[in-house]
Amino acid sequence: MDQMPVVQLRHATKRIGSKNIVNDLSFDIPAGEVFGFLGPNGAGKTTTIRMMVGLIKISQGDILIKGQSITKNFNKAIQNVGAIVENPDLYKYLTGYQNLKHYARMVSGVTKARISEIVEIVGLKDRIHDKVKTYSLGMRQRLGIAQALLHSPSLLILDEPTNGLDPAGIHELRNYLKRLAHEEGVAVFVSSHLLSEMELMCDRVGVLQAGKLVSIQNIKDFVHKGGASRVCVTVEPAQTEQAKRLIASLNKITLPEENPGQLLIQMNKDEIPAVNRLLMDAGIQVYSIQMQEQTLEDKFLEITEDKK
Amino acid sequence: MLRLVKNELYKVFRLRKFYLFMGAILALQLVEIFQYKFLPQGKVVFPLNGQSFPLEMIGGNSIIMVMFIAVLVADMFADEYRNGSFKLVLLRPVSRIQFISAKAIALLASIMAIVCFTVITAYITGTIVFTWGNQLLFQGVPIDGNSIAITLKLTIASILPSAGFGMLVIFIALITENIGITIGSALALFIISPLLERYGNISNYSIIHLMNTFHEMFINNATLVQIYAKIVVIIAYVVLFYISSAIFMKRKDVLL
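Residue numbers (this note's numbering), protein chains in the order written: chain A, 73 to 380; chain B, 18 to 273.
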């Protein structure tokens, strides 16, 4: 029973009219994982989140949270969820503390001590008794996270959680979410546009494109899939064509060069000495060989462009 | 459920608008008093005293009640939906029916609070200005019986149609999700109501008409059948728009 994933999407589909906004999504998120949800604008990320928390109906399929269907057993399923959907929309005319008390009243077992603990964690201790309308966007984001964590959920869903946070705040939040997942076993589902942030924060990422899940992988595999990286070789510009022919003889893909004398080659790190030797033996003057690690952004663009 | 109602009331009583309406009610009472005190003797329509002033105010502040209900409902439903705080509540283990019910109960409690405020302040201001007086008067006509008990009965009677109107406005707020349309529709209903009186019986089914006249039936020698008929109409408003709101809410995709 402990091995049961915290979230199970089973062919979840959202249809509006004849159009599938989200199409046949199936994946699981186990306890203790930070799962990143990527996708260009309009891919259906927020629609998926809304289905996961029961804000919108699922047209087909089901979503289970700790084994409970969000459609058939809403109350039991949602009590395991803490979430921010899009923006942390709190009551601006109430203080931060009054907001937290308001949300605490809706679930059982949230004590004053728990509220104080959460306030401390999100770093709002000094301003918690001020009205929310006086808060900066970053402070509202922190308060939103606080309300999501109040009842110690098994699943934390955060839609663009770093919005409005300063670098120190982002760093703190990232570490807190990782600690929450890895030490307390909470499943964290994060959607964000900040790919570099996802790379640092997530254990696994899923990429959504036009409502379909096009990739779901461990973050390291995702970025370094197949071990192939881009290698930039700078040679004497007059010898560029000769160098290209030699590299082609090794069945290596040469990408369009950016500058004269520069060759971009798709290959593994351990193949660099052989390529270097080949060029040197042919009398080509090699000025530099540089590995260009593929970032999550490169990979994301590659995947989403491929699937268009 | 009680916790949800407590939450809703907690928010209502922290709204500045709530206290602005209390101020408006007091201002209306002062205007009434001013008119009575400073009109030439021959122009006063009927005599007034402290124990009768609350009854006059209950009948006279229907526009304030209409506006109060419209503004409060617009705030509780349309504004919360528009600014997104609505959806955060729906992320809790609370059914949508419970959510609607808690808000409706909080609205009813707020209406009762405002009506009680109207009666209590009218007793105070009326007694200070006109003195308590010998007998309860309704539009100048003496009414036999315990004046406080009669006023209490009419106060309670005035709340019932307000609840029906409140449910109607809740339904409008839910389907339009718009503050302006919610308040505008309530005002439009208020403006149209007198026009319906030209068409005979139709006005009997107008909730605004009932807000203006229902409580008066208890001192206007209306028969029990007539009173029950109006109660059925009011209850029909409450039930019909509560069920419609609940069904609409249950099926609604929350997109904001």
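Note that the Cβ used here is the ideal one computed from N, Cα and C, for glycine as well.
Taking each of A:Val-106, A:Met-124 and A:Ser-98 in turn and checking the Cα distance to Asn-247 of chain A, the smallest one comes out for A:Val-106. Of all residues in the segment 199 to 228 of chain A, only Gly-216, Gln-219, Ala-220 and His-223 place a beta-carbon less than 9 Å from a beta-carbon of chain B. The straight-line gap separating the alpha-carbon atoms of Ile-88 of chain A and Phe-109 of chain A is approximately 22 Å.
In this structure, Gly-111 of chain A lies away from Val-262 of chain A, with their beta-carbon atoms at least 8 Å apart. In the structure shown, Val-79 of chain A adopts extended strand secondary structure according to DSSP, grouped into three states. For Lys-129 of chain A, no pairing in a beta bridge is given by DSSP.
Annotation: Arg-186 of chain A has no Cβ neighbours in chain B at a cutoff of 7 Å; minimum Cβ distance is about 15 Å. Apart from the 5 residues on each side of it in sequence, Leu-185 of chain B sits with its Cβ closer than 7 Å to the Cβ of Ile-224, Tyr-254 and Phe-258 in its chain, given in chain order. If you check each beta-carbon in the segment 25 to 50 of chain B against every beta-carbon of chain A, the ones closer than 8 Å belong to Tyr-27, Lys-28, Arg-31, Leu-32 and Arg-33. Judged by pairs of C-beta atoms under 8 Å, the segment 184 to 201 of chain B does not touch the segment 130 to 149 of chain B, as fewer than three such pairs exist. The continuous stretches of alpha helix (DSSP H) do not include Met-363 of chain A, which lies in the beta strand (DSSP E) extending over residues 358 to 364. Just measuring C-alpha positions, the residue of B:Trp-149, B:Phe-30, B:Phe-55 and B:Met-84 sitting nearest Leu-206 of chain B is B:Met-84. Neighbourhood of Tyr-163 of chain A in chain B, by CB distance below 7 Å: Lys-28 and Ser-102, in chain order. Scanning the segment 223 to 268 of chain A for uninterrupted beta strand (DSSP E) segments of 3 residues or longer gives 227 to 231 and 259 to 263, listed from N- to C-terminal end. If you draw a 10 Å sphere on the C-beta of Tyr-207 of chain A, you find 16 or more other C-beta atoms in it, and that means buried. Residue nearest to Phe-35 of chain B within the set B:Met-74, B:Ile-128 and B:Val-256 is B:Ile-128 (criterion: CA-CA distance). Within the same chain, Ala-87, Val-88 and Ala-91 come within 7 Å of Ile-200 of chain B by CB-CB distance, once the 5 residues on both sides are set aside. For the pair Val-204 of chain A and Leu-230 of chain A, the CB atoms are not nearer than the 8 Å cut-off. Under the DSSP assignment, Ile-260 of chain B falls in the alpha helix (DSSP H) whose first and last residues are 241 to 268. Rounded to whole angstroms, the Cβ separation of Ala-139 of chain B and Met-74 of chain B is 4 Å, and the two are in contact under 8 Å.
At the C-beta level, Asn-145 of chain A and Ser-112 of chain B stay beyond 8 Å of one another.
Proximity of Arg-87 of chain A to chain B, defined by a Cβ-Cβ separation below 8 Å, is not satisfied. Cβ-Cβ distances below 8 Å link Ser-360 of chain A to Cys-304, Val-305 and Thr-306 in the same chain, with the five nearest sequence neighbours on each side left out; the list follows chain order. A Cβ-Cβ distance of about 13 Å is found for the pair Ala-259 of chain A and Gly-139 of chain A, leaving them out of contact under the 8 Å criterion.
Take Pro-64 of chain B, set aside five residues on each side of it, and the residues of its chain with a beta-carbon closer than 8 Å to its own are Leu-154 and Gly-157, in chain order. Sixteen is the threshold: since fewer than 16 other Cβ atoms of the shown chains lie within 10 Å of the Cβ of Ser-98 of chain A, the residue is exposed. Around Gln-151 of chain A, the beta-carbon contacts reaching into chain B at under 9 Å are Arg-109 and Pro-110. For Tyr-222 of chain B, the CB contacts under 8 Å within the same chain, skipping 5 residues up- and downstream, are Val-250 in chain order.
Residues Ala-139 and Gly-143 of the same chain have their beta carbon placed closer than 6 Å to that of Phe-70 of chain B, with the five preceding and five following residues left out of the count. Put simply, of B:Leu-21, B:Ile-252 and B:Gly-77 the residue whose alpha carbon is nearest the alpha carbon of Ile-42 of chain B is B:Gly-77.
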